[in-house]
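In this note's numbering, the protein residues as written are 10 to 150.
All C-beta atoms, glycine included, are put in the ideal place defined by N, C-alpha and C.
Computed from a predicted model, the values in this text were never measured in an experiment.
Listed below in structure tokens is the structure:
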């Protein structure tokens with residue numbers, strides 16, 4: 010496996026397809042170029058020239074790092090690749106006072122096993138609040 014920490018040669022269509030089949034939803038190539046370009050840490054994992062995993066982290070260098078968009082190709086799910094991507098990003102963000110992430114419903118146990126704790130005070134504003142409610146990622150209260 011080849012681990013890449015930069016986005017210079019990224020095929021954004023390939024990355025968009027990975028997020029779709031992972032499944033993490035529709036993320037356009039243009040949006041991914043922007044989000045990955047604005048991320049402090051990036052992990053792209055290839056095998057035989059094929060993108061099989063990705064993740065990124067927003068970070069301020071001192072206080073807070075936010076791991077997001079961890080995606081693993083279905084053929085590689087259950088192999089430890091997702092864990093390796095999270096650990097790689099955690100190592101890159103070491104030294105921050107806190108490392109947080111936003112988990113898809115049902116994935117909390119996976120992240121708990123990697124040392125993450127549930128936060129009692131997390132709050133969010135969603136552009137698609139109805140969609141977030143329907144997916145169970147936010148409560149109506």
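Around the beta carbon of residue 57, fewer than 16 other beta carbons lie within 10 angstroms, which makes this residue exposed.
For residue 102, the three-state secondary structure derived from DSSP is coil. Taking 8 Å as the cut-off, the beta carbon of residue 90 is found no closer than this to the beta carbon of residue 77. By the Cβ rule, the stretch 38-57 counts as touching the stretch 13-26, because three or more pairs are nearer than 8 Å. In this structure, DSSP gives residue 146 a state outside helix and strand, which the three-state scheme calls coil. The C-alpha of residue 20 lies about 23 Å from the C-alpha of residue 92. Taking C-beta separations shorter than 6 Å and ignoring five residues to either side along the sequence, the partners of residue 11 in its chain run 55, following chain order. Comparing alpha-carbon positions, the option among 116, 75 and 84 lying closest to residue 104 turns out to be 75. For residue 31, the closest C-alpha among the options 141, 40, 60 and 44 is that of 60.
If you draw a straight line from the Cα of residue 87 to the Cα of residue 121, it is about 16 Å long. By alpha-carbon distance to residue 113, the top candidate from 142, 53, 25 and 38 is 142. Runs of the alpha helix (DSSP H) lying entirely within the stretch 14-44, each at least 4 residues long, are 21-30 in chain order. For residue 65, no alpha helix (DSSP H) segment is defined; the enclosing uninterrupted segment is the beta strand (DSSP E) at 59-68.
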